[in-house]
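Number of protein chains: 2
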Amino acid sequence: MTEAGPSPEKRKRGAKKSPPRFSREQADVRRSMLIEAATRCLSVGGIGAFTIDRICKEAGVSRGLINHHFESLDGLLVEVYKSSLYASVNNQIAEAKRRRAETSDWSPQAALAALVHSNFSPDYFSRDNLLIWLSLWGEIAVNPRLKAAHRELYDAYRAELAEDIAAVAVPRGRDVDAPTLARNFIALVDGLWLEWCLDESVVTPQAAEAAGFEMLEGQVGPLRDG
Amino acid sequence: MTEAGPSPEKRKRGAKKSPPRFSREQADVRRSMLIEAATRCLSVGGIGAFTIDRICKEAGVSRGLINHHFESLDGLLVEVYKSSLYASVNNQIAEAKRRRAETSDWSPQAALAALVHSNFSPDYFSRDNLLIWLSLWGEIAVNPRLKAAHRELYDAYRAELAEDIAAVAVPRGRDVDAPTLARNFIALVDGLWLEWCLDESVVTPQAAEAAGFEMLEGQVGPLRDG
DNA sequence: CGCCTTGTTGTACGAACGTTCAACAAGGCG
DNA sequence: CGCCTTGTTGAACGTTCGTACAACAAGGCG
Chain H
149 MTEAGPSPEK RKRGAKKSPP RFSREQADVR RSMLIEAATR CLSVGGIGAF TIDRICKEAG
209 VSRGLINHHF ESLDGLLVEV YKSSLYASVN NQIAEAKRRR AETSDWSPQA ALAALVHSNF
269 SPDYFSRDNL LIWLSLWGEI AVNPRLKAAH RELYDAYRAE LAEDIAAVAV PRGRDVDAPT
329 LARNFIALVD GLWLEWCLDE SVVTPQAAEA AGFEMLEGQV GPLRDG
Chain P
149 MTEAGPSPEK RKRGAKKSPP RFSREQADVR RSMLIEAATR CLSVGGIGAF TIDRICKEAG
209 VSRGLINHHF ESLDGLLVEV YKSSLYASVN NQIAEAKRRR AETSDWSPQA ALAALVHSNF
269 SPDYFSRDNL LIWLSLWGEI AVNPRLKAAH RELYDAYRAE LAEDIAAVAV PRGRDVDAPT
329 LARNFIALVD GLWLEWCLDE SVVTPQAAEA AGFEMLEGQV GPLRDG
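Those protein sequence lines, which keep their order, are chains H and P. First residue of the first sequence? That's 149 in our numbering, and the numbers climb one at a time after it. First residue of the second sequence? That's 149 in our numbering, and the numbers climb one at a time after it.
This is the structure we're talking about:
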């Protein structure tokens with residue numbers, strides 16, 4: 149306000165240097181920033197908010213940057229999908245595997261219970277997250293590239309869950325169709341998640357988690373007892 | 149080809165009459181045509197295909213007609229929602245009620261089995277239908293008008309299902325939380341439907357129906373025995 | 001047969017879309 | 001300090017979007 153000089157600061161001799169108007173970032177850093185901004189747009193406004201203008205504004209960069217770092221807006225959507233699914237689902241798998249490997253006295257039912265519980269944590273079982281997934285599901289049904297990525301990642305998650313189920317059922321001598329039970333469990337979780345987000349009066353996250361545990365416990369026995 | 153006359157047919161005297169270029173329809177007829185065309189667009193291309201141009205082309209009318217019969221494109225989407233949900237869900241309820249009223253020797257478990265079975269009929273449990281619903285769900289989460297309509301209709305369906313469950317469980321002396329079971333059943337159906345449409349190798353409609361019956365039969369006893 | 005109502009058409013318009021690209025500048029290097 | 005690489009900008013373009021509206025015509029009526 150009171151200053152009349154051409155630039156707020158001039159370091160080391162330069163008399164005409166103006167402050168940087170932007171900062172250069174490494175390619176993968178900028179890509180991550182754009183993916184995160186795009187994800188935020190999806191969670192707020194659904195697929196209708198997935199536009200160049202809004203994403204760039206959300207990321208605080210200019211309009212040209214998306215097409216510089218991604219082949220197209222569609223390519224960015226694929227990356228958003230991989231990022232979202234990979235982060236939420238594959239991290240669950242990795243954590244489950246890690247626990248089983250590291251902790252020797254970690255019981256199979258505790259591992260399964262942890263995996264089940266993680267499905268209902270606020271990070272995953274949230275309104276924001278569902279809007280992202282509704283958008284992605286709608287695109288998966290139409291976009292072959294997304295469809296292929298979806299199958300691969302979901303298969304991995306289903307297999308991990310089935311493995312954890314079998315690890316509980318077999319020692320208990322229970323005859324369980326683990327892959328089918330895993331598939332039904334995932335369907336139940338997704339369905340409850342959907343119902344809750346469209347009308348929060350139908351079910352609470354706690355009740356949803358209880359329903360998920362009950363489905364599994366009906367076949368493999370108790371999982372949650374102290 | 150061989151004819152050189154100005155018009156293919158001229159009835160009763162007129163010499164300069166050309167054939168009608170369009171036909172006038174009653175307002176509600178035209179509205180239905182547009183709603184159906186819009187629904188077809190949704191089922192093919194998702195929400196991205198829900199545009200004035202595509203819907204009018206699909207309906208075989210000119211661009212101006214949607215804004216003449218509906219307040220806006222958004223208003224048309226609400227009508228599509230009501231039409232889809234009303235047709236699929238409320239018809240199930242109506243049919244169930246009708247069966248119960250008309251057929252005196254219609255057992256409660258047969259009524260429930262019929263209602264369950266209808267969820268997996270190709271009319272409802274189809275790829276086309278899911279794309280419509282993914283689009284609508286994505287909009288429900290964002291559009292207050294759609295959200296209100298959704299709650300009302302889904303509540304009615306859940307209540308009907310719970311009633312049918314209780315009608316089976318109570319005479320059998322089983323202590324069942326019918327509303328909760330109904331809610332979980334709907335979630336399972338929607339989840340399996342979603343999984344199947346995104347990757348048909350995960351589950352078949354027959355297996356999905358079996359899973360649905362098993363969830364209910366685990367609490368109220370056999371429903372399908374011949 | 002001609003008028004009149006109104007359903008229908010098709011153009012026009014501004015806004016927003018995705019993409020392209022020439023110009024710019026930040027930061028590393030000699 | 002000046003060059004060079006390259007991440008970044010922002011204008012420009014053609015397309016498509018939703019809406020508005022004047023002109024048109026189909027079908028009913030006297």
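Backbone N, C-alpha and C fix where the C-beta goes; we use that ideal spot for every residue, glycine too.
- Taking all protein chains shown into account, R169/H has fewer than 16 neighbouring C-beta atoms within 10 Å of its C-beta and is therefore exposed.
- Straight across, the Cα-Cα distance linking H298/P with R246/H is about 42 Å.
- Within the segment 272 to 334 of chain H, the complete alpha helix (DSSP H) segments at least 4 residues long are 275 to 288 and 292 to 317, listed from N- to C-terminus.
- If you look at Y234/P, you'll find it isn't in any alpha helix (DSSP H); DSSP assigns it neither H nor E.
- The segment 275 to 286 of chain H and the segment 340 to 348 of chain H touch, with no fewer than 3 CB-CB distances between them shorter than 8 Å.
- Beta-carbon to beta-carbon, G369/H and R320/H are separated by about 6 Å, close enough to satisfy the 8 Å threshold.
- Contact between A314/H and A326/H holds: their C-beta atoms lie close to 4 Å from each other, under 8 Å.
- For H298/H, the C-beta contacts it makes with chain P under 8 Å involve L346 and D347, in order along the chain.
- Counting only the Cα atoms, S171/P lies some 43 Å from W281/H.
- Among the residues of chain P, none has a CB under 8 Å from the CB of E365/H; the nearest is roughly 11 Å distant.
- Of the candidates L371/H, I200/H and S210/H, the residue whose Cα lies closest to the Cα of L225/H is I200/H.
- Assignment of L371/H by DSSP, reduced to helix, strand and coil, places it in the coil class.
- Taking the Cα of A355/P as reference, the smallest distance to any Cα among G366/P, Q367/P and W341/P is reached at W341/P.
- By the criterion of a C-beta distance shorter than 6 Å, A197/P is surrounded in its chain by C189, once the five residues flanking it on both sides are discounted.
- Across the structure, A242/P and R248/P are spaced so that their CA atoms are roughly 10 Å apart.
- With respect to the 8 Å criterion, V228/H and T187/H are classified as neighbours on the basis of their beta carbons.
- Rounded to the nearest whole angstrom, the CA to CA distance from S266/P to E311/H is 33 Å.
- At least one CB atom of chain P sits nearer than 8 Å to the CB of N332/H.
- Collapsing the DSSP output to three states places D347/P in coil.
- Along the segment 293 to 321 of chain P, going in chain order, the ones with a CB nearer than 9 Å to a CB of chain H are K295, H298, R299, Y302, D303 and R306.
- Within the same chain, and ignoring the five residues on either side of R202/H in sequence, the residues whose Cβ sits closer than 7 Å to its Cβ are C189.
- Not one beta carbon of chain H lies nearer than 8 Å to the beta carbon of E357/P.
- Among the CB atoms of chain P, none fall inside 8 Å of the CB of L224/H.
- Look at T199/H here: in three-state DSSP terms it is coil, with no helix or strand label.
- Within the model, the alpha-carbon separation for M363/P versus E362/H is close to 11 Å.
- In this structure, L233/P keeps its C-beta atom at 8 Å or more from the C-beta atom of N332/H.
- Scanning G223/H, I334/H and W285/H for the CA closest to the CA of A304/H turns up I334/H.
- At a cut-off of 8 Å between beta carbons, G369/H makes no contact with chain P.
- Of the residues assessed, H217/H falls on the buried side of the cut-off, its CB having 16 or more other CB atoms within 10 angstroms.
- Within its own chain, the residues whose Cβ lies closer than 6 Å to the Cβ of M181/H, once the five positions on either side in sequence are excluded, are A207, listed in chain order.
- Any Cβ of chain H closer than 8 Å to the Cβ of I288/P would place that residue at the interface, and such an atom is present.
- Proximity of chain H to L221/P at the Cβ level (cut-off 7 Å) is not reached, the minimal Cβ distance being about 12 Å.
- A residue is called buried once 16 or more other Cβ atoms fall within 10 Å of its Cβ, and E250/H, having fewer, is exposed.
- The C-beta distance from G286/P to V290/H rounds to 13 Å, too long to fall under 8 Å, and the pair is not in contact.
- For a Cβ distance threshold of 8 Å, residue set I195, G196 and G286 of chain P lies close to I195/H, ordered along the chain.
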